[in-house]
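Numbered continuously in UniProt numbering, the sequence shown closes out at residue 327.
The block underneath contains the structure these notes are about, expressed in C-alpha cells.
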Amino acid sequence: MSEKSWDRVPIDAQSIDAPLSRAAVFLVVTVGAEPDALVTACGALAGLDDLVKTVGFRDLSARLSCIVGLGRDFWDRLRLDERPRELKTFAPIHGPVHTAPATPGDLIFHIRAEREDLCFEFERILLDKLGASITVIDEVSGFRYFDARDLLGFVDGTANPTGLDLPASALVGNEDPVFAGGSYIVVQKYLHDMASWAKVPTPMQEEIIGRTKIDNIEIDDDEAPRKSHKSLATIVDADGNEHDILRDNMPFGRPGQREFGTYFIGYSRYLWVIEKMLQRMYIGDPPGAYDRLLDFSTPHTGITFFAPARPTLEALAQAAQRQAAGP
Ligand code: HEM
1 MSEKSWDRVP IDAQSIDAPL SRAAVFLVVT VGAEPDALVT ACGALAGLDD
51 LVKTVGFRDL SARLSCIVGL GRDFWDRLRL DERPRELKTF APIHGPVHTA
101 PATPGDLIFH IRAEREDLCF EFERILLDKL GASITVIDEV SGFRYFDARD
151 LLGFVDGTAN PTGLDLPASA LVGNEDPVFA GGSYIVVQKY LHDMASWAKV
201 PTPMQEEIIG RTKIDNIEID DDEAPRKSHK SLATIVDADG NEHDILRDNM
251 PFGRPGQREF GTYFIGYSRY LWVIEKMLQR MYIGDPPGAY DRLLDFSTPH
301 TGITFFAPAR PTLEALAQAA QRQAAGP
C-alpha cells in the first residue's frame, strides 16, 4: 500500500476483518417512513454492539459477529452533516444478455458465527428490538460448503486479501477521514441453474471460472478468446495497481424447492472497484464478452450499503435518534 494511513485508522470496524465463518445470515430490511420507526431503528443500531456481547458471550468460541450496512436513502433520512464520499444507490446494469437488477434495502445485517444457532438467536432478538419499525425484504441463511466451495463446485474466496492487505483493500482510509475504518458493501443474491451447469464439461467450467475444479489452481487465460470470471473480476488501475475486495460469499438453498444459490457479499475500501468488477462481468471485456458464469447464475437482488466503523456507527445512531425524536 502506498499511503501509510493504517497506523492511524481504528481497525475496529464492526469486525469486518473477522475470519470467514461456518454460518451466516444476510438480513435486508427497509425502515418505516414514520419518525418513530427511525428512532427505533437507530436505537437498535446504537445497541448492536451490546447485543453481540449478550448473545456471543454464551459461546465465545463461536465468534459471533454482526456488521450493519446503511443504504444511501436511509443515510439521507438521518439528516447528518456528512456522508461517505462514494455512497450511492445500486445502479442496475444492462449487459448484452444479462441484467443486474437494483432492489430495495435500507439496512443489511451480516450475522456470522461458527454456530448456526447463535446466528439464529441474534437475529431473533434483533428483530424483536426492531419490531414494527422495519419490513424484512430478504433473509438468507448461508452455510460453508465442502472446502469452502460454492454450489457450482468451485472453491470460492481463495483470492481474498489476507494480513495487512485485508484492511488496505476492505476499509476506507484517510482519503475520507470521517469514515475511515468503514467499508462499502455490495450484495447480490444469485440463484443457479444447476441442471444446465451439470451439463457443462468440467474443462469448460474451469475456463468459465478461471481455476481448476479439484485442486483450485489458477488458469492463465491471457491468450484465451474469452476471459474467465476470475480475470473479469481482476481490477487494475491506470498506474498498474491491482485492487482487491473482501468477499464472504455463502452458499444457500432449499433442495426441496430446487433452490440453489450463492449470496454474494463484497466489502471494499472504494465502491468504484466493485462497480467496475460488475461492469466487466455484465458488459464484458471486450464489450459483449461477458462473464459466462451469468449464463448459469441469475441475480435476484442488488443493493449497496456503507458499514461505518463501530465508534462512528454508535455516534451517528445516537445523533440520528436525537434528531428524529425532535426537541
Ligand atoms: C473469484 C465464484 C460473483 C468477484 C471467484 C472464484 C470463484 C467465484 C469460484 C475463484 C476463486 C476465488 O478467488 O475466490 C463466484 C460465484 C458468484 C460470484 C459463484 C455468483 C454467482 C462475483 C461477483 C463479484 C465477484 C458479483 C464482484 C462484483 C470476484 C473476485 C474474484 C472472484 C474479485 C477474485 C479474482 C482474482 O483472482 O483476483 N468467484 N463469484 N464474484 N470473484 Fe466471484
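Backbone N, C-alpha and C fix where the C-beta goes; we use that ideal spot for every residue, glycine too.
Glycine 261 - DSSP class collapsed to helix/strand/coil: For the purposes of this step, residue 261 is taken as residue 261 along the sequence shown, with counting starting at 1. Under the three-state reduction of DSSP, glycine 261 is assigned to strand.
Reference glutamine 188, options Ala324, Gly56, Met277, closest by Cα: The residue labelled residue 188 in the question sits at position 188 within the sequence shown. Considering only Ala324, Gly56, Met277, the residue with the shortest C-alpha distance to glutamine 188 is Met277.
Whole angstroms is fine: what's the gap from valine 39's alpha carbon to alanine 320's? Within the sequence shown, numbered from 1, the residue matching residue 39 stands at position 39. Within the sequence shown, numbered from 1, the residue matching residue 320 stands at position 320. When rounded, the separation of the alpha-carbon atoms in valine 39 and alanine 320 is 8 Å.
DSSP three-state label for valine 172, please. One-based indexing of the sequence shown puts residue 172 at position 172. Reduced to three states, the DSSP call for valine 172 is coil.
Where the alpha helix (DSSP H) containing lysine 231 begins and where it ends: As a first step, residue 231 is located in the sequence shown; it is residue number 231 there, counting from the start. It should be pointed out that residue 231 corresponds to serine in this sequence rather than to lysine. First-last of the alpha helix (DSSP H) with serine 231: 229 to 232.
Within 7 Å: the Cβ of histidine 243 and any heavy atom of the ligand HEM? Translated into the one-based positions of the sequence shown, residue 243 becomes position 243. False, no ligand heavy atom lies under 7 Å from that Cβ.
Three-way DSSP call (helix, strand, coil) for tyrosine 145 in this model: In the sequence shown, counting from the first residue as 1, residue 145 sits at position 145. DSSP places tyrosine 145 in coil when its eight states are reduced to three.
Arginine 322 Cβ short of 7 Å to the ligand HEM heavy atom set: As a working note, residue 322 is residue 322 in the sequence shown. It does not: the Cβ of arginine 322 is nowhere closer than 7 Å to a heavy atom of the ligand HEM.
Check the DSSP bridge columns for glutamate 139 and list the partner residues they point to. As a working mapping, residue 139 is identified with position 139 in the sequence shown. According to DSSP, which records beta bridges pairwise, glutamate 139 is partnered with Leu27.
For the region 146 to 161 against the region 39 to 49, do three or more pairs of beta-carbon atoms, one drawn from each stretch, fall closer than 8 Å, so that the two count as touching? With the cut-off at 8 Å, the region 146 to 161 and the region 39 to 49 do not touch.
Starting from the C-beta of alanine 102, find all residues in its chain whose C-beta is less than 8 Å away, skip the five residues before and the five after it, and write them out in chain order. By 1-based counting over the sequence shown, the position of residue 102 is 102. Same-chain partners within the cutoff: Thr89, Phe90, Ala91, Pro92, Gly302, Ile303.
Using DSSP bridges, identify the partner residues of methionine 250. Walking along the sequence shown from the start, residue 250 turns up at place 250. Its beta-bridge partners are Tyr263.
Given the structure, does isoleucine 274 come close to the ligand ZN, in the sense that its CB is under 7 Å from one of the ligand's heavy atoms? As for the ligand ZN, it is missing from this structure, which binds only the ligand HEM.
Would you say the region 19 to 33 touches the region 243 to 250, given that touching needs at least three Cβ pairs under 8 Å? The region 19 to 33 is in contact with the region 243 to 250.
To the nearest whole angstrom, what separates the beta carbons of isoleucine 134 and valine 29, a pair I think is in contact under 8 Å? Residue numbering aside, residue 134 sits at position 134 when the sequence shown is read from its first letter. Residue numbering aside, residue 29 sits at position 29 when the sequence shown is read from its first letter. Confirmed, Cβ separation roughly 4 Å.
Quick one, are the C-beta atoms of residue 392 and isoleucine 108 less than 8 Å apart? Limits of the chain in this structure are 1 at one end and 327 at the other, which puts residue 392 out of reach.
Kindly list the residues whose CB is nearer than 7 Å to the CB of lysine 227, restricted to its own chain and excluding five residues on each side of it in sequence; keep chain order. One-based indexing of the sequence shown puts residue 227 at position 227. The answer, listed in chain order, is Asp221, Asp285, Ala289.
Span of the beta strand (DSSP E) holding glycine 157? The sequence position of residue 157 within the sequence shown is 157, counting from 1. Membership of glycine 157 in any beta strand (DSSP E) is not indicated, and neither H nor E is assigned to it by DSSP.
For lysine 88, does the three-state DSSP call read helix, strand or coil? Within the sequence shown, residue 88 is the residue found at index 88, counting from 1. Correct three-state label for lysine 88: coil.
Quick one: is serine 297 buried, meaning 16 or more other Cβ sit within 10 Å of its Cβ, or exposed? The count along the sequence shown starts at 1 and reaches residue 297 at position 297. Here serine 297 is buried: its Cβ has 16 or more other Cβ atoms, across all protein chains shown, within 10 Å.
If you compare alpha carbons, which of Leu126, Leu70, Gly131 is closest to valine 52? Locating residue 52 in the sequence shown gives position 52, where the first residue counts as 1. The residue with the shortest Cα to Cα distance from valine 52 is Leu126.
Confirm, please, whether the CB-CB distance from serine 169 to arginine 269 is below 8 Å. One-based indexing of the sequence shown puts residue 269 at position 269. One-based indexing of the sequence shown puts residue 169 at position 169. Cβ atoms of arginine 269 and serine 169: closer than 8 Å.
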